[in-house]
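Participant: Sequential numbering of the sequence shown, starting at 337, is according to the working numbering. Think of the CB as a built atom: it goes at the ideal place given N, C-alpha and C, for glycine as much as any other residue.
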Amino acid sequence: MQRIKSVLEEAASTLASCSDSALLDAEVLLCLILDKQRSYLRAWPDKPLQPEQINRFSTLIKKRQKGIPIAYITGSREFWSRDFHVTPDVLIPRPETELLIELSLKLIPADKPIKIMDLGTGSGIIAITLAAERPHAQVSAADVSRAALRIARLNANKHHTNNIQFYQSDWFANAPDGKFNLIASNPPYIAENDDHLQQGDIRFEPQTALCAADQGLRDIKIIADTARSRLEASGHLLIEHGYDQQGRVQAIFKHFHYDNVQTVTDLSGQPRVTYGQWN
Ligand code: GLN
């Protein structure tokens with residue numbers, strides 16, 4: 337008879353060589369099979385598991401052993417305390433992106449019907465979080481990928497946000513006319529030859545959501561350029577970028593004559609979001 341604790345220990349040692357969070361991964365996957373919270377595993381370490389549960393669990397452990405990210409196996413990832421559906425068609429939400437939300441919320445008045453655009457919405461985390469936190473706002477969200485938009489719409493329904501319009505568009509190319517008070521984007525910004533692309537979860541994520549030409553800056557340049565004619569006076573542009581791109585991204589903003597250009601650091605102390613104002 338196999339019990340929770342021993343099954344977890346065995347799975348964690350199987351995953352030790354391919355994951356630096358082996359026990360946590362095993363716990364999350366067992367919770368998925370048992371439909372329980374992690375506290376249950378700690379409370380009932382000696383609870384016997386059914387052979388059928390063990391079989392399903394080993395299938396998931398094998399996927400993880402191949403490197404498949406936990407979020408793609410469970411089909412979900414938490415962001416700003418909400419659960420988002422994810423598939424390999426979209427980037428897995430990152431905690432760094434919460435900085436972009438924090439900053440946007442500081443810039444958006446709670447009681448005004450201001451207009452927001454999320455460029456490259458992917459799973460929809462930025463648009464949906466802002467729409468939910470600012471119900472008076474009118475949010476637009478664009479992505480070039482039809483498959484990503486399907487996931488984003490699903491997430492918008494899941495979180496009952498009805499103040500978002502989605503558009504299939506390559507940045508602003510097919511976005512509706514009109515101007516915005518705030519444009520936010522977490523664009524692809526990794527250089528195409530970056531070694532990180534060969535490591536960990538990132539290997540399984542959509543390359544178009546991760547990489548950009550021109551040392552990762554191509555899309556940031558396009559966005560900073562085109563957003564100028566899409567911002568209301570005093571509107572803000574916020575862009576997430578790589579930890580080593582602060583100087584180059586600030587230079588791009590300044591080249592296009594944005595004012596009050598600033599960069600803020602994420603929880604691990606890395607420069608992560610640059611923003612500026614269009615006057
Ligand atoms: N906006 C989504 C996110 O922040 C997707 C970003 C992307 O695909 N580059 O996760």
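May I have a chain-ordered list of the beta strand (DSSP E) segments no shorter than 3 residues that lie completely inside the segment 516-600?
Facilitator: 516-521, 567-576
Participant: Please classify P497: is it buried, with 16 or more other beta-carbons within 10 angstroms of its beta-carbon, or exposed?
Facilitator: Reading off the sequence, residue 497 comes out as Thr, not Pro. By the 10 Å Cβ count, T497 comes out buried.
Participant: Taking the CB atoms as reference points, tell me whether I461 and W416 lie closer together than 9 Å.
Facilitator: yes
Participant: For S505 versus D537, is the C-beta distance shorter than 9 Å?
Facilitator: no
Participant: Hey, could you find the ends of the alpha helix (DSSP H) D361 is sitting in?
Facilitator: 358-370
Participant: Straight-line CA distance for I519 to L385?
Facilitator: Each residue's alpha carbon lies about 50 Å from the other.
Participant: Quick check: the segment 521-533 against the segment 484-492, are at least 3 beta-carbon pairs closer than 8 Å?
Facilitator: no
Participant: Provide the residue span of the alpha helix (DSSP H) that contains S355, from first to last.
Facilitator: From DSSP, S355 is part of no alpha helix (DSSP H); its letter is neither H nor E.
Participant: Put I390 into one of helix, strand or coil per three-state DSSP.
Facilitator: helix
Participant: Report all residues from its chain with a CB closer than 6 Å to the CB of A352; omit the five preceding and five following residues, and keep chain order.
Facilitator: A358
Participant: Look at the alpha carbon of A467 and the alpha carbon of N499, and state the distance between them as a whole number of angstroms.
Facilitator: 6 Å
Participant: Taking Cβ to Cβ, would you say I588 is nearer than 9 Å to L455?
Facilitator: In this structure, I588 sits away from L455, with a CB-CB distance that is not shorter than 9 Å.
Participant: Under 8 Å from any heavy atom of the ligand GLN, does the C-beta of V364 make it?
Facilitator: no
Participant: Rounded to a whole number of angstroms, what is the C-alpha to C-alpha distance between P381 and L370?
Facilitator: 13 Å
Participant: Taking C-beta to C-beta, are A407 and V422 nearer than 9 Å?
Facilitator: For A407 and V422, yes; Cβs fall inside 9 Å.
Participant: Between the segment 577-591 and the segment 604-612, can you find at least three pairs of beta-carbon atoms closer than 8 Å?
Facilitator: yes
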